[in-house]
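**Student:** Got a structure for you, questions after.
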Amino acid sequence: MPSSAGPSIDTITEGGRVTQVGEGQEADESAPPVMTFGAPTAGEILAERYELVEHINNDSAGRLVWRGVDVILRRPVAVVLRYPGGDSATEMLQAAVAASRVIHPNLVGVYDAIDEAERAYVVREWVDGQSLRDLAADGPLDPARATAIGNAVASALAAVHATGMVHGNVHPGTVMISDEGRVVLADARTDGDDSQESDIRAVGGVLYFALTGHWPHAEAPLRGATAGHGRAAIPDAVRDAGGALAAPRQVRAGVPAYLDDLTMDLLDAEIAPPSSDVLAAELARLDVPAEEEHYLDNGGPLRFAADTEEEPSPLAAAGGRKVAIGIAGLLAVALVGLLIGISALGGDDKDPQDTAGATPTASAPAGDATPAAATVRNLRVQDIRIIDPDSGKRDELGDSDKIIDGDNDKGWETDRYPNATYGNLKTGMGVWLDLGSPHTVKSVQAVLSGRGATAKLLAGTASYPKTSNGDKQMVANYKTEIGVLKEHDGTTMTFNGFNADQKYRYLLLWFTELPAIGDEDGFRLGVQEITVQGS
Numbered sequence: 331m332p333s334s335a336g337p338s339i340d341t342i343t344e345g346g347r348v349t350q351v352g353e354g355q356e357a358d359e360s361a362p363p364v365m366t367f368g369a370p371t372a373g374e375i376l377a378e379r380y381e382l383v384e385h386i387n388n389d390s391a392g393r394l395v396w397r398g399v400d401v402i403l404r405r406p407v408a409v410v411l412r413y414p415g416g417d418s419a420t421e422m423l424q425a426a427v428a429a430s431r432v433i434h435p436n437l438v439g440v441y442d443a444i445d446e447a448e449r450a451y452v453v454r455e456w457v458d459g460q461s462l463r464d465l466a467a468d469g470p471l472d473p474a475r476a477t478a479i480g481n482a483v484a485s486a487l488a489a490v491h492a493t494g495m496v497h498g499n500v501h502p503g504t505v506m507i508s509d510e511g512r513v514v515l516a517d518a519r520t521d522g523d524d525s526q527e528s529d530i531r532a533v534g535g536v537l538y539f540a541l542t543g544h545w546p547h548a549e550a551p552l553r554g555a556t557a558g559h560g561r562a563a564i565p566d567a568v569r570d571a572g573g574a575l576a577a578p579r580q581v582r583a584g585v586p587a588y589l590d591d592l593t594m595d596l597l598d599a600e601i602a603p604p605s606s607d608v609l610a611a612e613l614a615r616l617d618v619p620a621e622e623e624h625y626l627d628n629g630g631p632l633r634f635a636a637d638t639e640e641e642p643s644p645l646a647a648a649g650g651r652k653v654a655i656g657i658a659g660l661l662a663v664a665l666v667g668l669l670i671g672i673s674a675l676g677g678d679d680k681d682p683q684d685t686a687g688a689t690p691t692a693s694a695p696a697g698d699a700t701p702a703a704a705t706v707r708n709l710r711v712q713d714i715r716i717i718d719p720d721s722g723k724r725d726e727l728g729d730s731d732k733i734i735d736g737d738n739d740k741g742w743e744t745d746r747y748p749n750a751t752y753g754n755l756k757t758g759m760g761v762w763l764d765l766g767s768p769h770t771v772k773s774v775q776a777v778l779s780g781r782g783a784t785a786k787l788l789a790g791t792a793s794y795p796k797t798s799n800g801d802k803q804m805v806a807n808y809k810t811e812i813g814v815l816k817e818h819d820g821t822t823m824t825f826n827g828f829n830a831d832q833k834y835r836y837l838l839l840w841f842t843e844l845p846a847i848g849d850e851d852g853f854r855l856g857v858q859e860i861t862v863q864g865s
């Protein structure tokens, strides 16, 4: 099965070192015995490709988890084996096949699934990092980081739900944070007991846990994290005498009201949750740099409830969470927030009613107001990587994160070539950007290290595996051309040809020629910084 993105393996901390176990569960004394006949050994190569390096653990389902190496692509992998194969391994293999169909940067990659009768195994992406469960063991996370994690999880679920599938296993043990800061969702299940709505409500649980260190679903304890289960145990949330859940702001100080409201709305069974794509878009809106947080205070978050007549519980009343609004209110509040944000940017202290065009109020019909233009800002790039479809070495892919670090003095560079057309060895190389969710994009600006490069900006609708074949698929399928700059004589490229009525998530800046001026060592391209502006 070709490499692709999909749910995989959970992590636990063992002896100060991060390890990975399958299905989000730790082994315990009640785990089924593992059959040792024909058990794998270090150095063994499975399917003539996957070398087993180190036995990591046995999970609670009795499966063996190994760290391995793909000897063809020379990358680390996790190998989860089950004895025997055949019917007993059907659920594991079906889950792997389903996961491989969804490609998303916030889902752990599934590379292979093989049944050899006497044993079956799934080969998955190895993630150096730790689970949210372990990360929060040292204390609750700050609101900005909790929001970013919730955004990543919701974006992953949106990709899963778009295929009609359900993840069914969202909790702090299956949310993984790599050492580089990438957030990925692991370990989908296919038992059919869950729904897309339960997935979405679980995002509320993840946010609550990240903000408080407590798990809010007493009726649904974590798999592998039951009471008395050692370091996997997670304390239940604080509740009043009637069993009502304490809001995050009541558990700890410093949680913004908008994030508190959103989290509690997702956990409230009486409030219908949004779809996963709407939730992802809202969390992406809230996931903004600290210097831009004043927009959130003005506009507030989207709310998902209708007005209710029932008396709120004391905890809910203290949090002010039952102040719900309808669809017309959503539009009016969002518009007011945008206008206040625009006024703040311009330093205008006048009453909003004195500005050109009447400012609508929450009670005014939205259709009576002139729509305000959305505030243009720098959009956050959620994922970035170098695209190199014509090289088998894959040795020019590092340092892509320096392209979006805000420092024009640091960036990514190609190798040196004998001429500006990559020595006639490649059709080009590119920088791929994932904005996390669809946005209205106004411009993309790239700061280069030299003059004379030729490039075009393309847009697509999907991501692809981080392989040469995946890169080839991307280049072949990104059909929307934003603009072309030939032999550009400056060191800054700006692309403005975006359709105002279209939203974009995936962009590819594709360089067909290196800067025309080389040196005694050859020709090379350096991309110092890329900035995406939009709303």
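With our numbering, the residue at position 90 of the sequence shown is 420, and numbering never jumps.
A virtual CB, placed ideally from N, CA and C, is assigned to each residue, including glycine.
All figures in this text were calculated on a predicted structure; none of them were measured in a lab.
Have a look at Ala488, Leu471, Gly728 and Leu423 and flag the residue whose alpha-carbon is nearest the alpha-carbon of Leu437.
**Tutor:** Nearest C-alpha to Leu437: Ala488.
**Student:** When we look at the beta-carbon of Asn807 and count the other beta-carbons within 10 Å, is it buried (16 or more) or exposed?
**Tutor:** Answer is exposed; the Cβ neighbour count stays below 16.
**Student:** Quick check: what's the CA-CA separation for Trp545 versus Asp566?
**Tutor:** Approximately 5 Å between the Cα atoms of the pair.
**Student:** Is it right to say Gln832 is buried, meaning 16 or more other beta carbons lie within 10 angstroms of its own, or is it exposed?
**Tutor:** Gln832 comes out exposed.
**Student:** Here's the rule I'm using: 16 or more other beta-carbon atoms within 10 Å means buried, otherwise exposed. How should Leu755 be labelled?
**Tutor:** Leu755 is exposed by the Cβ-count criterion.
**Student:** Determine the closest residue to Lys732 out of Gly852, Ala789, Glu859 and Val440, with distance taken between C-alpha atoms.
**Tutor:** Residue Glu859 is the option with its Cα nearest to Lys732.
**Student:** I'd like the span of the beta strand (DSSP E) that includes Ile734, first residue to last.
**Tutor:** Counting along the chain, Ile734 falls outside any beta strand (DSSP E), and DSSP gives it neither H nor E.
**Student:** Considering Cα atoms alone, identify which of Gly573, Asp607, Asn387 and Phe825 is closest to Ala492.
**Tutor:** That would be Asp607, whose Cα lies nearest to the Cα of Ala492.
**Student:** So is Asp517 buried or exposed if we call it buried at 16+ other beta carbons inside 10 Å?
**Tutor:** By the 10 Å Cβ count, Asp517 comes out buried.
**Student:** Taking the Cβ atom as the reference point for each residue, do Pro586 and Pro473 lie within a distance shorter than 7 Å?
**Tutor:** Closer than 7 Å, so yes.
**Student:** Taking the continuous beta strand (DSSP E) assigned at Val608, which residues delimit it?
**Tutor:** First-last for Val608: Ser606 to Leu616, but that is the alpha helix (DSSP H), not the beta strand (DSSP E).
**Student:** So what does DSSP say about Lys816, is it helix, strand or coil?
**Tutor:** Of the three classes helix, strand and coil, the one that applies to Lys816 here is coil, per DSSP.
**Student:** For the alpha helix (DSSP H) that contains Asn754, what are its first and last residues?
**Tutor:** Asn754 -> no alpha helix (DSSP H), and no H or E assigned at all.
**Student:** Are the region 401-421 and the region 442-457 in contact at 8 Å, needing three or more beta carbon pairs?
**Tutor:** Counting Cβ pairs under 8 Å, three or more are found: they touch.
**Student:** Which of helix, strand or coil does DSSP assign to Glu384?
**Tutor:** If DSSP states are grouped into helix, strand and coil, Glu384 belongs with the strands.
**Student:** Excluding the 5 residues flanking Ala419 on each side, which residues of the same chain have their C-beta closer than 7 Å to its C-beta?
**Tutor:** Once the five neighbours on either side are set aside, the close Cβ partners of Ala419 are Arg412, Asp445 and Ala450.
**Student:** As a quick exercise: from Val857, Ile601 and Arg404, pick the residue whose alpha carbon is nearest that of Thr744.
**Tutor:** Minimum Cα distance to Thr744 is reached at Val857.
**Student:** Please report the residue range of the alpha helix (DSSP H) in which Asp713 lies.
**Tutor:** It is not in any alpha helix (DSSP H) - Asp713 instead sits in the beta strand (DSSP E) that spans Asp713 to Ile717.
**Student:** Could you check whether Ala785 and Leu815 sit closer than 7 Å to each other, using their CB atoms as the reference points?
**Tutor:** Taking 7 Å as the Cβ cut-off, Leu815 and Ala785 qualify as a contacting pair.
**Student:** In angstroms with no decimal places, state the Cα-to-Cα distance between Glu600 and Thr822.
**Tutor:** For Glu600 and Thr822, the distance between alpha carbons rounds to 52 Å.
**Student:** At 3 residues or longer, and completely inside the region 779-816: list those beta strand (DSSP E) runs for me, N to C.
**Tutor:** List check, beta strand (DSSP E) in window: 784-790 and 810-815.
**Student:** In whole angstroms, what separates the C-alpha of Asn799 from that of Ser793?
**Tutor:** For Asn799 and Ser793, the distance between alpha carbons rounds to 12 Å.
**Student:** At 3 residues or longer, and completely inside the region 465-497: list those beta strand (DSSP E) runs for me, N to C.
**Tutor:** Whole beta strand (DSSP E) segments, 3+ residues: zero.
**Student:** Would you tell me roughly how many angstroms separate the C-alpha atoms of Leu855 and Ser461, rounded to the nearest one?
**Tutor:** One C-alpha to the other measures close to 37 Å.
**Student:** The beta strand (DSSP E) spanning Asp400 covers which residue range?
**Tutor:** Where Asp400 is concerned, the enclosing beta strand (DSSP E) stretches over Leu394 to Asp400.
**Student:** Based on Cα-Cα distance, which residue from Gly534, Leu787 and Asp468 lies nearest to Asn481?
**Tutor:** It is Gly534.
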